[in-house]
Amino acid sequence: MDEGAEEGWGEDAALVIDEEGGFGEEGLDGDILGGDEEGGGWDVGDEDLVLPPDLDVGLAAGTGDEGYFVPPVKGTSQSQVWCTNSQLAVDHVLAGSFESAMRLLHDQVGVVVFEPYKPLFMLSFGRGRTALPAMPGGPPLIGHPHRNWREAGAKGGLPAVGMKLNMLVQRLQAAYQLTTGGKFQDAVYKLHAVLLSITLLVVDSKQEISEAQQLLGICREYIVGLQMEVKRKELPKSTLEEQKRLCEMAAYFTHCNLQPVHQILTLRTAVNLFFKLKNFKTAASFARRLLELGPRPDVSTQIRKILQACDKNPTDAHVLQYDEHNPFTICGASYKPLYRGKPQEKCPLCQASYCPEFKGTICNVCKVAEVGKDAIGLRVSPLQFR
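Each residue of the sequence shown is one higher than the last, beginning at 664 in the working numbering.
The following block contains the structure:
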């Protein structure tokens, strides 16, 4: 190699080869390999790295990803899916979210007392799961039945509801039988259970929505009338004023929207009481209303005799707080008439009427809602949210 090239490239261009054809000591232990340089090589720094103990997974012997497992991310539970997909209180009850269910009932129908709902909540929640036995000693397999299982998918499910409208109609018939038999307290108990159950219904058509609202109105009319009749029987009747009050309450009872067989019974009671009080004109009016309903022949004969006696002296001996020609509703607490055009308050759940002084109190009919409270209204179908 000439001297010019060595001067230009310097010592790096000179390759030293020993007698045996190797690179010599400089190539092995010299500056290139750092033979005498102090240091620890690669300083990764994982000696003091602390990892959580639950990540301590043992890898099986092998190469690559063999023996390595990554658990899947926890998905959304069906209970949460049900709550997300629905604004109906019963769906939240079935999901086990009682708090949100109570909040919906409060906003929709003004419920503030939830103790009467406890047995209904627990019964409905129990219907929202299925349990299938698995291996001996192992836990059961829990299922979540859907009412829209055909199109539900993974996140569109809604729970199957065990309470149906026709079931409540059958319970209403049982309450009718108790009313006919004069077991008013038992009838009120059944009617109250039906009334509360209506708020936990799910229906699919506008016709069923209307039927549910009609059923609610029937329960209200019967509860108001029967509770008033029970109260009337508890009142004393020794003085004239007390007897007049008994006649007034009997007259109000005839204006409750009841079945004809029960309407006949209320009118018979009113005819007898008003005839005894010598209010013959009003007694004759009750008698005519009764005959229009087609009572049994023996009842019809008796009422016609009373009507003939009243027509001979068509006068009222006493003035009562009752005007049969002026439409009115009955206060659910004081059992006094609320004539059309007069101020009154309503229960947001059962729509029972009250005198203004009862605003803010608990409804005496449904026992759960606050009188006069602003609320959205009864919601028993997804159609009502569209």
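Just so it is clear, CB atoms sit at the ideal spot from N, CA and C, and this is done for glycine as well.
Backbone secondary structure at residue i - three-state DSSP
i, result
"residue 747", "helix"
"residue 643", "A question about residue 643 goes unanswered here, because the residues of the chain that appear run from 664 up to 1049."
"residue 774", "strand"
"residue 722", "Low confidence applies to residue 722: its pLDDT is 49, below 50, so where it sits in the model is not reliable, and the reading given next is rough at best. If DSSP states are grouped into helix, strand and coil, residue 722 belongs with coil."
"residue 793", "strand"
"residue 928", "helix"
"residue 936", "helix"
"residue 1009", "strand"
"residue 755", "helix"
"residue 691", "Unreliable placement is indicated for residue 691, whose pLDDT of 48 sits below 50; no coordinate value is reported for it."
"residue 1041", "coil"
"residue 799", "coil"
"residue 920", "coil"
"residue 1046", "helix"
"residue 852", "helix"
"residue 942", "strand"
"residue 901", "coil"
"residue 1016", "strand"
"residue 981", "coil"
"residue 769", "helix"
"residue 715", "coil"
Nearest residue (CA-CA) to residue i, options the options
i, options, result
"residue 740", "992, 821, 838, 918", "821"
"residue 935", "997, 971, 966", "966"
"residue 760", "970, 742, 902, 773", "742"
"residue 1036", "789, 1048, 1010", "1010"
"residue 630", "893, 791, 738, 834", "Not covered by the structure: residue 630. The range shown for the chain is 664 to 1049."
"residue 943", "814, 980, 918, 828", "980"
"residue 932", "896, 904, 814, 836", "896"
"residue 884", "1038, 926, 834", "926"
"residue 1052", "958, 945, 964, 962", "Residue 1052 is absent from the structure shown; the chain starts at 664 and stops at 1049."
"residue 1049", "868, 779, 813, 842", "868"
"residue 905", "940, 714, 930", "940"
Distance CB(residue i)-CB(residue j) smaller than 8 Å
i, j, result
"residue 1043", "residue 913", "no"
"residue 1013", "residue 858", "yes"
"residue 878", "residue 832", "yes"
"residue 889", "residue 937", "no"
"residue 763", "residue 769", "no"
"residue 987", "residue 948", "yes"
"residue 1054", "residue 804", "Residue numbering for the chain in the displayed model covers 664 to 1049; residue 1054 lies beyond these limits and cannot be assessed."
"residue 1006", "residue 985", "no"
"residue 970", "residue 952", "no"
"residue 894", "residue 998", "yes"
"residue 753", "residue 824", "yes"
"residue 772", "residue 1041", "yes"
"residue 793", "residue 806", "yes"
"residue 994", "residue 1018", "yes"
"residue 919", "residue 962", "no"
Host alpha helix (DSSP H) of residue i (start-end)
i, result
"residue 732", "Per DSSP, residue 732 belongs to no alpha helix (DSSP H) and is neither H nor E."
"residue 876", "869-897"
"residue 831", "828-843"
Element boundaries [beta strand (DSSP E), containing residue i]
i, result
"residue 805", "804-806"
"residue 993", "991-993"
"residue 960", "Unbroken run through residue 960 is the alpha helix (DSSP H), 960-975; no beta strand (DSSP E)."
"residue 1002", "1000-1002"
Whole-number beta carbon distance between residue j and residue i, since they are thought to touch under 8 Å
i, j, result
"residue 1034", "residue 1024", "5 Å"
"residue 873", "residue 826", "Rounded, the Cβ-Cβ distance is 18 Å, inconsistent with contact."
"residue 854", "residue 882", "5 Å"
"residue 898", "residue 909", "6 Å"
"residue 916", "residue 892", "6 Å"
"residue 864", "residue 835", "Not confirmed; about 13 Å, so no contact."
Proximity test, Cβ basis, 8 Å: residue i and chain C
i, result
"residue 801", "No chain C is present in this structure, which holds just one protein chain."
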